Amino acid sequence: MELGLLNLRSNAFTGNIPQLSLLASLQILDISNNNLSGTIPWNLGNLSAMKTSIWSEDFYKHGISNDLWLFMKGNEYEYKKLSLGFVKYIDLSNNDLFEDIPEELGSLHGLQNLNLSRNHLTGTISWSIDGMQRLEVLDLSINNLSDAIPSSLAFLYSLNHLNLSYNNLSGRIPTGNQLQTFTDPSIYAGNPYLCGRPLGKNCTQNVTKGEEKEDANEKIEVIWLYTSIALGFIIGFWTIRGTLILKRKWRFIFCRVIDKLYDKLHAMIIVNMRKFRRE
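Numbering-wise, UniProt numbering puts 39 at position 39 of the sequence shown, and it's gapless, one number per residue.
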């Protein structure tokens, strides 16, 4: 079908996003502010018109006849009919979509705006996103995305608006190239395990949630190790000592050896426990 624009924003649609990959001429897809659920279809990455920055006259023949308002960068902008042919735009925000962001979206090399905010998306931000070399606006805020921010974002040289706030992202914020231009810390707000610029959190003093859990588990294992050693020593010591009560000569020899071992073991436990507390 020669459909260049599909704008179903702010209705009360429910259910899953339908099959759209056959809309080869589709350049503007806005189905935001509905009650759509399910996953983001992987075959949205097959939208042919969004794979290139070249515009087609077919958009004017089968597109729209009036100007259009599009929501970008947190504001609504009016686009004149003559300029719409150059716009490549996907807005799925404010729905109930869940699970991962499909890696196939990275093949939309001509896409300029991608807004997936205010959903329930999980998983990681795919490294394939660096394939969107024309991307100017990326909004993934208010989801449940986790793990590190991929350094591939630094190679989106057209990117001028980024919002990753209020997710479960962790680790060091990548630096270099295009990411150096984003100095507003609010675009990373609501991710307590992120560190680095522009947040002002020193990564050497900050650990991710996963690292924090792993460290806690290691500390518990250390405590149990020394507790087991101490209990084993006490039980073994008194068991053997009890059997030697009737053998006076053996008792004195054995006690000297055990006392020396006890002093060494006690010193080792004290030193390691002090080190453990400092950590």
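We treat Cβ as the ideally placed atom computed from N, Cα and C, and that holds for glycine.
Quantities reported herein were computed from a predicted structural model and do not represent experimental measurements.
Distance CB(residue i)-CB(residue j) smaller than 8 Å
i    : j    : result
N113 : Y89  : yes
S146 : L169 : yes
D30  : N46  : no
N35  : S10  : no
L164 : L140 : yes
D91  : N115 : yes
Y188 : I173 : yes
N202 : N167 : no
Same chain, Cβ closer than 7 Å to residue i, neighbours up to 5 away in sequence not counted
i    : result
H109 : K51, T52, G131, M132, Q133 and R134
L3   : L23, S25, L26 and H62
Cut-off 6 Å between Cβ atoms - residues of its own chain near residue i, not counting five sequence neighbours on either side
i    : result
W127 : P150 and S152
N160 : E136
E211 : Unreliable placement is indicated for E211, whose pLDDT of 47 sits below 50; no coordinate value is reported for it.
G123 : D100
N- and C-terminal bounds of the beta strand (DSSP E) containing residue i
i    : result
G85  : No beta strand (DSSP E) holds G85; DSSP gives it neither H nor E.
G38  : N35 to G38
N11  : Neither: N11 is in no beta strand (DSSP E) and is coded neither H nor E.
L162 : H161 to N163
I28  : I28 to D30
Residues near residue i in its chain [Cβ-Cβ closer than 8 Å; skip 5 each side]
i    : result
D184 : P198
L156 : I129, D130, M132, Q133, L135, L138 and Q178
G15  : L36, S37 and G38
A12  : N34 and N35
Rounded Cβ spacing between residue i and residue j (contact assumed at less than 8 Å)
i    : j    : result
R102 : I17  : One point to set straight first is that residue 102 is Pro, not Arg, in the sequence displayed. At roughly 11 Å, the Cβ-Cβ gap does not stay under 8 Å, so P102 and I17 are not in contact.
A154 : G176 : 5 Å
L121 : F98  : 6 Å
Output the residue ranges of the beta strand (DSSP E) runs that lie fully inside the region 166 to 202 and measure 3 residues or longer, sorted by chain position.
-> 168 to 172 and 193 to 195
Starting from the N-terminal side, write out each stretch of the alpha helix (DSSP H) that is 4 residues or longer and does not extend beyond the region 94 to 138.
-> none
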